[in-house]
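Start counting the sequence shown at 122; every next residue gets the next number (our numbering). The block underneath contains the structure these notes are about, expressed in structure tokens.
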Amino acid sequence: MIIAKPEERRVGRTGTTRRHALRAAGAATAGLLTGCSQDSPAVDSPAGIARAAKAERALRMRATATNRELLDQYDAVLKRHPGQRERLAPLRAAVLRQLAALAPEPSESASPAASPSAAPSVSVTAAAPAPGSSAVPAEPAAALRALAATERRTSDAHTASLMEAPPELARLLASLAAASAAHAYLLTEGSRS
Numbered sequence: 122m123i124i125a126k127p128e129e130r131r132v133g134r135t136g137t138t139r140r141h142a143l144r145a146a147g148a149a150t151a152g153l154l155t156g157c158s159q160d161s162p163a164v165d166s167p168a169g170i171a172r173a174a175k176a177e178r179a180l181r182m183r184a185t186a187t188n189r190e191l192l193d194q195y196d197a198v199l200k201r202h203p204g205q206r207e208r209l210a211p212l213r214a215a216v217l218r219q220l221a222a223l224a225p226e227p228s229e230s231a232s233p234a235a236s237p238s239a240a241p242s243v244s245v246t247a248a249a250p251a252p253g254s255s256a257v258p259a260e261p262a263a264a265l266r267a268l269a270a271t272e273r274r275t276s277d278a279h280t281a282s283l284m285e286a287p288p289e290l291a292r293l294l295a296s297l298a299a300a301s302a303a304h305a306y307l308l309t310e311g312s313r314s
């Protein structure tokens, strides 16, 4: 009976699960970062280097598409709820910086025109109707919860890609996953304090 009481208390407390998940994610990221410093012997050949470069480009494109969907969701929420601009602008700006970080290095692209732009400019995005804006809940709190859910899905997608990624990209994806998890917290739990 003594053993059951501490477990009962943990179940009833809010935030314990989130803290535990964040600690676990931090530990996993630390493990990946230390493990990423070793080079794979399979990439030493020219064919292996080409395969690795192709795989990295595919991962970057997938991560970029995920972050573009997140940016579209921010734009849709801001279009429907302009009163949330002050709260969402810094988070949206962070997503723009993430897109810039995901852009391939200049040496990776054949020409400057081949590399995708880091993100659309604010004026272009504001002028164009945001995709899915009709799907944004009418209630601001519900819209923020939906945006937080998109941030969590983005974090999960980046985390799932970590094991396939080469060391430098794995570090970037781990950072992006952590940032999205923090954004989700700020959009939901962080507003309650």
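Even glycine gets a Cβ: it sits at the ideal position worked out from N, Cα and C.
Just confirm the distance between the C-beta atoms of Q194 and L294, as a whole number of angstroms; I'd bet it's less than 8 Å. Actually they are not in contact, since the Cβ atoms of Q194 and L294 sit about 19 Å apart, beyond 8 Å.
Alpha carbon of A176 to alpha carbon of V257, nearest angstrom: 35 Å
In this structure, how does DSSP classify S232 when only helix, strand and coil are distinguished? Confidence is the limiting factor: at S232 the pLDDT is only 39, short of 50, which leaves the residue's position unreliable, though a coordinate-based value still follows. DSSP places S232 in coil when its eight states are reduced to three.
When A174, A270, A286, R201 are compared against A303, the one with the closest alpha-carbon: A270
Going by DSSP, what residue range makes up the alpha helix (DSSP H) through D196? 167-201
Taking the alpha helix (DSSP H) that L209 belongs to, which residues open and close that run? L209 -> alpha helix (DSSP H) spans 206-223.
Grouping DSSP H, G and I as helix and E and B as strand, with all else coil, what is A259? coil
For S301 and E272, I'd like the C-alpha separation in whole angstroms. 5 Å
The alpha helix (DSSP H) spanning A288 covers which residue range? Note that residue 288 is Pro in the sequence shown here, rather than Ala. For P288, the enclosing alpha helix (DSSP H) begins and ends at 288-308.
Say whether the region 212-227 touches the region 182-201, bearing in mind that this needs 3 or more beta-carbon pairs closer than 8 Å, one atom from each stretch. yes
By Cβ distance below 6 Å, which residues in the same chain neighbour T275 in space, the five residues on each side in sequence not counted? T187, L191, S301
Buried or exposed (CB count within 10 angstroms, at least 16 for buried), R172: exposed
Distance check for D277 and G169, CA to CA, integer angstroms please. Those two C-alpha atoms are separated by around 28 Å.
Anyone know if the C-beta pair for L290 and R181 falls short of 8 Å? Contact annotation: L290 and R181 have beta-carbon atoms nearer than 8 Å.
Buried or exposed: where does S282 fall if 16 or more other Cβ atoms within 10 Å of its Cβ makes it buried? It counts as buried.
Below 8 Å on the Cβ atoms is my guess for A264 versus R208; work out the distance and round it to an integer in Å. Not quite, the Cβ-Cβ distance comes to about 11 Å (not below 8 Å), so this is no contact.
Out of A184, A259, A286, R206, which one is the CA nearest neighbour of A222? A184
Own chain, CB closer than 7 Å to R206, minus 5 neighbours either side, in chain order: L199
Give me the Cα-Cα distance between R178 and A224, rounded to the nearest whole angstrom. 9 Å
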